[in-house]
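Here is the structure we will look at.
Number of protein chains: 2
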Amino acid sequence: MRDLTTLYGPESVAIVGASDSPGKVGNVVVRNLMSSGYEGEIYPVNPGGDSIEGLQCYPRVQDIPGGAELAVICIPAPVVPDAMRDCGAAGVGSVVVITAGFKEASPEGEALEKEITRIADENDMNMMGPNCLGAMNTHTPINVTFAADFPHKGDIAFFSQSGALCIAILDWSLDQGVGFSKFISMGNKAQLNEADFIADAAADTESQVILMYLESIEDGDAFMEAAREAVQKKPVIILKSGVSEAGAEAASSHTGALAGGDEGFAAAFRQAGIIRAGRMQEEFGKATAFIGGINIAEGRRVAVVTNAGGLGVMATDALEGAGLELAELSEETQQRLREVLPDMAAVGNPVDIVGHSDEDTYAAALDAVVRDPGVDMILPLLSPTAVLDPNRLAEYMIEQVRAHPDIPMSASFTGGESVRAANETLRSSGIPCFPFPEEAVEGLVAMVEYGEARTRLQKGQLLHYEGDMDRVREIFSSVREQGRRILLGPEAMAVARAYGIDTVPSELAESAGEAGELAEQMGFPVALKVASPDIIHKTDIGGVQLDLEDRSSVQQSFRQIMHNASEREPDARVYGVEVQKMFPPGQELIVGMAQSPPFGPLLMFGLGGIFVDLMEDVSFRLARHLTDMDVAEMIEETKAAQLLRGYRGEAPKDLDAVRETVGRIAQLTRDFPEIAELDINPFFAYENGVAALDVKMTLAEDAGGAEEHEG
Amino acid sequence: MRDLTTLYGPESVAIVGASDSPGKVGNVVVRNLMSSGYEGEIYPVNPGGDSIEGLQCYPRVQDIPGGAELAVICIPAPVVPDAMRDCGAAGVGSVVVITAGFKEASPEGEALEKEITRIADENDMNMMGPNCLGAMNTHTPINVTFAADFPHKGDIAFFSQSGALCIAILDWSLDQGVGFSKFISMGNKAQLNEADFIADAAADTESQVILMYLESIEDGDAFMEAAREAVQKKPVIILKSGVSEAGAEAASSHTGALAGGDEGFAAAFRQAGIIRAGRMQEEFGKATAFIGGINIAEGRRVAVVTNAGGLGVMATDALEGAGLELAELSEETQQRLREVLPDMAAVGNPVDIVGHSDEDTYAAALDAVVRDPGVDMILPLLSPTAVLDPNRLAEYMIEQVRAHPDIPMSASFTGGESVRAANETLRSSGIPCFPFPEEAVEGLVAMVEYGEARTRLQKGQLLHYEGDMDRVREIFSSVREQGRRILLGPEAMAVARAYGIDTVPSELAESAGEAGELAEQMGFPVALKVASPDIIHKTDIGGVQLDLEDRSSVQQSFRQIMHNASEREPDARVYGVEVQKMFPPGQELIVGMAQSPPFGPLLMFGLGGIFVDLMEDVSFRLARHLTDMDVAEMIEETKAAQLLRGYRGEAPKDLDAVRETVGRIAQLTRDFPEIAELDINPFFAYENGVAALDVKMTLAEDAGGAEEHEG
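So the protein lines, in turn, are chains A and B.
If you read the first sequence in our numbering, its first letter stands for residue 1, the second for the next number, and so on.
If you read the second sequence in our numbering, its first letter stands for residue 1, the second for the next number, and so on.
What follows is the structure, encoded as structure tokens:
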């Protein structure tokens, strides 16, 4: 992990390009730093000035006596490399390059960006940016940005790939009373990227929750590692934008076609335990669940308490829509509620204390439900009335959460002026409180997501299988030597078998006699298919024969297929005919893999057959970091799972064998990153065992032999 | 349509139960009315007082000289009937019954509620409530509620089934600056219900948009009629809560099982042109699209203009997620943009004018895109910067919308203090403006939904078919006479044929000879099935024989099936054996109907076969008000539509015949509301024509013969 102490809490800061002209970035940064409450040394650097804003000015960073731990650079792009070299020579620890005009601007800018990154690396300096707003830490405090404001001190570490969004969010946050520990515009992420910022924020003591706005991820592996570590300590909530750009590339496999760019991010976020937000307000809403204290739900059962039936109904809809459950209150709890609530109250869930009840009655109801062992979380709802003091209720709720820290709350006090103070009291004490019930439910969802993510990270067992790597290398070499990237059916089958995946017997025959011989060995009936990487629609050209029951019909069919191929596709490379033992139909599934940058191989599982693309009943996980829980959940997410369990009286299928196959495909694609795409379709599941009936595999265009890679 | 003038703008108001004791409802109502600015006469009614709040008090309503147009009742429930009779005698036009303790409280209360409703009806009085907060109209102005506040004057007519929610929303709205024309707590809706309020608000000149919070609908037909009328004039946005309660009833058909209670509401809202909101903030967000002017989008193509790339990316995601399209800007537009924007700007869509551009540059970009014929709506996004004045930009946007009223805008100026004034300027001029891009997209969605809803109402042709009603009545009578509700296969087939629905030939045989005879007439092969309402799993007991190719095997199979049935199900009523001509397989579909109170018959269409329940690839529409557009869209919503168009090289199927079948089922179920459930499954579509292979039909429990009913 990088040490970012000199970035977030330096003893001294040099501002390269400091200026006395109001409105210039080099002036705004100096003034922001001075007014932020920063207590270290501030050194303006500018060859042209003696003093700036009353501070002594130095021509170069090297001229500062005692040097500077942090340098902020706001001079034109072409002269940034020189400044970077100066910083390196002066022993600067971290550099913030605010200057724009790099990768985002032009090819020359891109070259310049590479150069300054190299200088930073060579001099062991952290470099943030270029092309960024800068960094703020409210706890140091320090503000080395050209933003117009400084955020409220708070628990949220916020990192944005967009500087303009930072400015907008900052303005908004001051209005909303949202506070931050760190507020960072990451810029071009040439060196320091999201992985570094996550790792650091996970380790600090000021941030309760990490929020990010991302448009891309620089290094998939580093990101996954940092996030998985961080989530053990605090929630990471990410809004990943640019979802819709994805998946435009042409793909030759079903998996490739269905695995749009976002599927990889979705799988990565899930496997890293990241809470994903789809909208900015959802991101901050979910963050609210962790401000003032990290709320973790141990289950999905929610008790709703309300003084207004309508709010309870809305909350129930939202809960069920979000996949949470209304807790079933025990008879004992209901009895207790009957004792403390008025006659007209509802003691089921939602518990409706009715509108004329006061805060003591509300508190008594909360007290009853919190003791119910069937309750994991509480959703208190309030409509303002003349007889209930929301501030006293808030105080009571805070006491209760302290007494029962394992039962988190997310509340909605609907209204404006009459509930404002109570709302703020609750939030500052770690109880999220929102204007509408649906938002409070979003808070609960975040608590559940975080609890489940931690469980997944702690209990999931990484899967490992042994494969015959030499055999696979041998097959790939032979394919490459023949100038191909697409494996023939029998080759792909052999690769699968080398990794312990059950396939139907399938061999390549180069003569009619060999075909007959192979068929005898396998046992009848068999199917024949023309073996050619150039013929896609084999059936259409008479390249397939099914249900062959004896040797002579196999031999005759061989000749017919070869004849058809040479007649109908004279230019195709034909390697012979694939002889395949015919298996009885099982539950038709598909298992596949496509490369999903920056995360590597992405697995797909789902319902197979001709409707794969139509139904899109599929789920995805990264092959790297794959655990037994991931595989189980991946299967469970599809409707295929219902069929495997035995739909409408059918016998259940061999789920263990299906799971193992997914795990073995993961191992194969981790071991051989040169596999670009893979489809097993159909993949049949039987009562006992499974079988791959057709395996399609394509190697990467630019491959350098079978490299080993453990994800 | 009811005349609600005496409710919303009475010349005089009597408050029955008026009181001088602060805090009592009868006192709060008097004070609220006095302080609301109401200019008519106010008459407190209370037998015990001389004057209340300085106003002369009358013992009974009849004692008021000149009477009162509106009476507000806040006396205990048991004496409300007397007061209602007094109002009737005094010629009161409208009554607001605030008092609780009616249907919501007890069976006695329910009886009391029926009584006061009867009194209101007999005396031609409008009655709002009972059990409500009361009514407010900011334009009269008048406030006859016991709420603590009075709303800002505005464009939204708001009606809520929950009084507590009204109080909460009112408090919230004052904080948010949201204004209302009418603000109504509907209470128990014993007489005046949502249909009356919608019809009135549609006709008034003060409301631009109608908002409702509903938990139930009293009269489905009246509601549909009022809503369809209203939507021609102004948008109706409804949050229907209690979604999750629905669908708990047991159903014997696939359609019944899949048509949970919410499917009926969803279909009704769509067919009435209502914009549905899932969350309270969404409801007000969508309403914002119509405040200050009704924005209607003519298409789904959006041009995004932004000064911050990140906001543009977020907006693009949100647009595509919502089913809107990024407009393709013409070469001419792009050229114009190149001329007015700085070099680094992006002239594609989103148009990124970049962060250092000022409001004039922004305005020039808007000016270019608004003239592009490929643009239906504009989404301006702003991140606050030092160089752009949001207020001047707002003024420019208002001018532009006035010049191009057919190209609506929904904007997002992200931030707090620095964009607040611009935001308010825009909103008050009919341009919705939101803190985040995703919310602005929600505004655009509302404009598109409203535009499409109006088109659907204006262009959709109601479908009508003629059926042989006598034949159906005859079959139903015969079924009822036999003490059955479930029709035998051949009976259900005959009903379908009477409405022009193509079915496979299917007849009941009572003897082996008759079975052979029928099979000869139909042509071989045929299938035989035991005809019994008591045997559900016919195959399991040997009650089905397929692929019978000649007369003698038909006769033999008849005897075998009858034997099997009497052996295995000795208690079942067996009416013989169904002889059915075997048809080749077509595209397997399902068409069905289930009753969906309060809206009547609800049609279902979807992918048929054994996976109906697993895939749930189905769509729903009400049989009443069904148009050609509804049927076309209903089919298009399913994946089955892709199969019908010819999936993967298959020949397209007879879509017209499929549509006609749906229309004929609608006619049948409108004509015979006593049909409780109906499934045609499988329903085969061929290249030419269609065929119902199996029809299941169940009559309602409590039916009084075949009534005619035109929806």
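For glycine and all other residues, C-beta sits at the position ideal for the given N, C-alpha and C.
May I ask you to report which of helix, strand or coil DSSP gives residue i?
i                 : result
alanine 246(B)    : In this predicted model, alanine 246(B) has a pLDDT of only 40, less than 50, meaning its place in the structure is not dependable; the value taken from the coordinates is given anyway. Note: alanine 246(B) maps to coil in three-state DSSP.
proline 682(B)    : strand
serine 253(A)     : coil
valine 351(B)     : strand
glutamine 208(B)  : coil
asparagine 126(B) : strand
leucine 626(A)    : coil
leucine 381(B)    : strand
threonine 306(A)  : strand
cysteine 57(A)    : coil
glutamine 545(B)  : strand
Please return the same chain residues whose Cβ sits closer than 8 Å to the Cβ of residue i, not counting the five positions on each side in sequence.
i                : result
glycine 154(B)   : Thr138, Val178, Gly179, Phe180, Ser181 and Ile291
serine 566(B)    : Val574
glutamate 215(B) : Gln161, Ser162, Lys240, Ser241 and Gly242
Cβ closer than 9 Å: which chain B residues qualify as neighbours of residue i?
i                : result
glutamate 438(A) : Gly278, Arg279, Met280, Gln281 and Glu282
serine 241(A)    : Gly310, Val313, Met314, Thr316 and Asp317
Apart from the five residues on each side of it in sequence, which residues of its chain come closer than 7 Å, Cβ to Cβ, to residue i?
i                 : result
isoleucine 119(B) : Pro81, Met84, Arg85 and Gly88
isoleucine 75(B)  : Val16, Gly17, Ala83 and Thr99
isoleucine 217(B) : Glu194, Phe223 and Pro598
alanine 259(B)    : Ala594, Ser596, Leu602, Met604 and Phe620
alanine 498(A)    : Gly467, Asp468, Arg471 and Val472
glycine 609(A)    : Glu588 and Pro682
alanine 365(B)    : Val305, Leu337, Val340, Leu341, Val351 and Ile353
Give the interface partners of residue i over in chain B, defined as CB-CB distance under 8 Å, in chain order.
i                : result
leucine 614(A)   : Lys639, Gln642, Leu643 and Tyr647
glutamate 215(A) : Gly310 and Val313
alanine 303(A)   : Chain B residues near alanine 303(A): none, gap ~16 Å exceeds 8 Å.
Who are the neighbours of residue i on chain A, taking C-beta pairs under 7 Å?
i              : result
glycine 415(B) : Ala168, Asp171 and Trp172
alanine 162(B) : In the sequence as displayed, the identity of residue 162(B) is serine instead of alanine. The contacting residues are Ala308, Gly309 and Gly310.
serine 418(B)  : Asp171
I'd like the list of long-range same chain contacts for residue i, defined as Cβ closer than 6 Å, with 5 residues on each side in sequence excluded.
i               : result
cysteine 166(A) : Leu133, Ser160 and Ser185
glycine 500(B)  : Arg664
alanine 272(A)  : Met224, Ala227 and Arg228
arginine 427(B) : Cys433
Residue i versus chain A: which residues are under 8 Å apart at the beta carbon?
i              : result
alanine 632(B) : The premise fails here: alanine 632(B) is roughly 20 Å from chain A at the closest Cβ pair, so nothing lies under 8 Å.
Flag residue i as yes if its beta-carbon sits less than 8 Å from any beta-carbon of chain A, otherwise no.
i                 : result
leucine 165(B)    : yes
glycine 608(B)    : no
serine 253(B)     : no
asparagine 123(B) : no
Name the chain A residues whose beta carbon is nearer than 9 Å to that of residue i?
i              : result
alanine 685(B) : Within chain A, no residue comes near alanine 685(B); the closest Cβ sits about 16 Å away, beyond 9 Å.
Between residue i and chain B, is any beta-carbon pair separated by less than 8 Å?
i                 : result
aspartate 175(A)  : yes
methionine 344(A) : yes
glycine 355(A)    : yes
proline 380(A)    : no
proline 435(A)    : yes
proline 384(A)    : yes
Please determine if the region 507–514 of chain A and the region 569–583 of chain A are in contact, where contact requires at least 3 C-beta pairs separated by less than 8 Å. Taking a cut-off of 8 Å on C-beta distances, the region 507–514 of chain A touches the region 569–583 of chain A, as three or more cross pairs fall below it.
Is the region 382–401 of chain A in contact with the region 323–338 of chain A, if contact means three or more CB pairs nearer than 8 Å? Short answer: they don't touch.
Check whether the region 367–378 of chain A and the region 298–305 of chain A are in contact - that is, three or more C-beta pairs closer than 8 Å. Taking a cut-off of 8 Å on C-beta distances, the region 367–378 of chain A touches the region 298–305 of chain A, as three or more cross pairs fall below it.
For the region 416–427 of chain A against the region 441–460 of chain A, are there 3 or more C-beta pairs whose distance is under 8 Å? Touching, no.
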